[in-house]
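Enquirer: Attaching a single structure in structure tokens format; questions to follow.
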Amino acid sequence: MNPHGHGWLVAIDSDGSVFPNMPAKYEAMRDTIIEHFGLAPVAGAAADAIRFVNLESRLRGSHRFIGLIRMSEFLRARPEPAAAGVDVPRFDSLRRYLDAGGSRSNDGLAAAAAETGDPELARVVAWTRDLSARLAKSPHIPPVAAAVRAMTVMRDRADLVVISQAPAEQLHREWSGAGIEGLVRRIAGSEAGTKAQQVRAAMAETGVPSAQTFVVGDAPGDYAAARETGAGFFPILPGREEASWSRLLDEAWPRCLAGGFDGSYAGSLVDEFLRALPESPPWTPLRD
Numbered sequence: 075m076n077p078h079g080h081g082w083l084v085a086i087d088s089d090g091s092v093f094p095n096m097p098a099k100y101e102a103m104r105d106t107i108i109e110h111f112g113l114a115p116v117a118g119a120a121a122d123a124i125r126f127v128n129l130e131s132r133l134r135g136s137h138r139f140i141g142l143i144r145m146s147e148f149l150r151a152r153p154e155p156a157a158a159g160v161d162v163p164r165f166d167s168l169r170r171y172l173d174a175g176g177s178r179s180n181d182g183l184a185a186a187a188a189e190t191g192d193p194e195l196a197r198v199v200a201w202t203r204d205l206s207a208r209l210a211k212s213p214h215i216p217p218v219a220a221a222v223r224a225m226t227v228m229r230d231r232a233d234l235v236v237i238s239q240a241p242a243e244q245l246h247r248e249w250s251g252a253g254i255e256g257l258v259r260r261i262a263g264s265e266a267g268t269k270a271q272q273v274r275a276a277m278a279e280t281g282v283p284s285a286q287t288f289v290v291g292d293a294p295g296d297y298a299a300a301r302e303t304g305a306g307f308f309p310i311l312p313g314r315e316e317a318s319w320s321r322l323l324d325e326a327w328p329r330c331l332a333g334g335f336d337g338s339y340a341g342s343l344v345d346e347f348l349r350a351l352p353e354s355p356p357w358t359p360l361r362d
């Protein structure tokens, strides 16, 4: 039983969904990766790989550590690094750390780097802290107006929660700075685990079942969290944020309340979403 009397739970991604800040975050990601990992001689190719991972592919919305590893894979598949004599880091230590269940927070990685003395982890710590510092100083980007309208309406019938792989401190700063933190019940960042774990925690807290839960997001990771938890999914299409939120409010939300947010309608939304985000970059296939 939901103690608040709300029949629905809506788990909402922040970056790229409520806040159209992905291009600005890509720029900070691009600049810090090139600087910290010695990629200036292949800056153009590196920027292509970073852009693909962070904006243009099904990796969009991945945690920054995962994105760093995949960027390396895609960049090493291109001819420019070998031609320029640039050794692109493989991030094997970071991969092992994540595979072992290591914390995805900056502090967790810093503790592991200090404990192991691993120079690669220390290098990644320096990068991720610099990235966080630059993002904290970045200009304020207001939320999508239609997102605010939709959340204002939905909160009367649903518990709204934020799910994200961004640090919680950044999320609270952005939501409070925009004056919209009061629209949501809770804000979960990367410290709270994967998005699926965050959705499950919200279900447990509110008592809302998966059949009356759906995830709103702009990245395949949001869709994966919905599938893993048995929730529905409504996509925010990259570059079409305003229209997507308006569609949610005017079309999908009434369907939810009427019991029609499933079947062919939900499937058509997912198909449209996945068509917009390719899996592979438009260059040489990956080498082993």
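So the number in our numbering is just where the residue sits in the sequence shown, counting from 1, plus 74.
Even glycine gets a Cβ: it sits at the ideal position worked out from N, Cα and C.
Using CA atoms only, rank isn't needed, just tell me which of 309, 228, 287, 355 is closest to residue 294.
Expert: Comparing Cα positions, the closest option is 309.
Enquirer: Could you give the uninterrupted runs of the beta strand (DSSP E) lying entirely in the segment 302-355, keeping only those of 3 residues or more?
Expert: For the segment 302-355, whole beta strand (DSSP E) runs of length 3 or above, ordered along the chain, are 306-309.
Enquirer: Does the segment 236-256 come into contact with the segment 330-339, if we say contact requires no fewer than three beta-carbon pairs (one atom in each stretch) closer than 8 Å?
Expert: Touching, no, given that fewer than three Cβ pairs across the two stretches are closer than 8 Å.
Enquirer: Using the C-alpha atoms, what's the distance from residue 139 back to residue 361?
Expert: Per-residue confidence for residue 361 stands at a pLDDT of 45, beneath the threshold of 50, marking its modelled position as unreliable; the derived number appears in the next sentence. When rounded, the distance between both Cα atoms is 21 Å.
Enquirer: Could you check the C-alpha separation between residue 273 and residue 155 for me, to the nearest Å?
Expert: The straight-line gap from Cα to Cα measures roughly 40 Å.
Enquirer: Any idea which residues DSSP pairs residue 260 with across the strands?
Expert: DSSP output for residue 260 lists 235 as bridge partner(s).
Enquirer: Quick one: measure Cβ to Cβ for residue 224 and residue 323, integer angstroms, because I've assumed they're closer than 8 Å.
Expert: Correct: roughly 4 Å between the Cβ atoms.
Enquirer: I'd like to check one pair, residue 348 with residue 134: are the Cβ atoms closer than 9 Å?
Expert: Contact flag unset, no.
Enquirer: So, for residue 257: in the same chain, excluding its five sequence neighbours on each side, which residues have a beta-carbon less than 8 Å away from its beta-carbon?
Expert: Closer than 8 Å at Cβ, skipping near neighbours: 222, 225, 226, 229, 234.
Enquirer: In whole angstroms, give me the CA-to-CA distance for residue 30 and residue 117.
Expert: Here the chain comprises residues numbered 75 to 362, so residue 30 is not present and cannot be evaluated.
Enquirer: For residue 289, which residues from the same chain have a beta carbon less than 6 Å from its beta carbon, with the 5 sequence-adjacent residues on both sides left out?
Expert: The answer, listed in chain order, is 85, 296, 299, 300, 305, 307.
Enquirer: Taking the alpha helix (DSSP H) that residue 245 falls in, what are its first and last residues?
Expert: Run containing residue 245: 242-251, per the alpha helix (DSSP H) assignment.
Enquirer: Taking the CB atoms as reference points, tell me whether residue 142 and residue 82 lie closer together than 9 Å.
Expert: Contact: no.
Enquirer: Report the rounded CA-to-CA distance for residue 246 versus residue 94, giving the unit in angstroms.
Expert: Taking the straight line from one Cα to the other gives about 16 Å.
Enquirer: If you follow the beta strand (DSSP E) that residue 291 is in, where does it begin and where does it stop?
Expert: Taken as a continuous stretch (DSSP letters only), the beta strand (DSSP E) holding residue 291 covers 287-291.
Enquirer: From this set, 90, 194, 161, which residue's C-alpha is nearest residue 216's C-alpha?
Expert: If we check each option's Cα against that of residue 216, 90 comes out closest.
Enquirer: Report yes if the CB atom of residue 282 is closer than 9 Å to the CB atom of residue 80, and no otherwise.
Expert: Yes. Within cutoff.
Enquirer: Closer than 7 Å by C-beta to residue 164: which residues in its own chain qualify, once you throw out the five before and the five after it? Chain order, please.
Expert: For residue 164, where only same-chain residues beyond five positions count, the Cβ hits under 7 Å are 146.
Enquirer: According to the Cβ coordinates, are residue 111 and residue 169 closer than 9 Å?
Expert: No; because the gap between Cβ atoms is not below 9 Å, this pair is not in contact.
Enquirer: Can you give the Cα-Cα distance for residue 218 and residue 315, rounded to whole angstroms?
Expert: Roughly 7 Å between the two C-alpha positions.
Enquirer: Using only the alpha-carbon positions, how far apart do residue 171 and residue 189 sit?
Expert: Looking at the two C-alpha atoms, the distance is approximately 12 Å.
Enquirer: Unbroken alpha helix (DSSP H) runs of length 4 or more, entirely within the segment 80-156: which are they?
Expert: List check, alpha helix (DSSP H) in window: 96-110, 117-125, 138-150.
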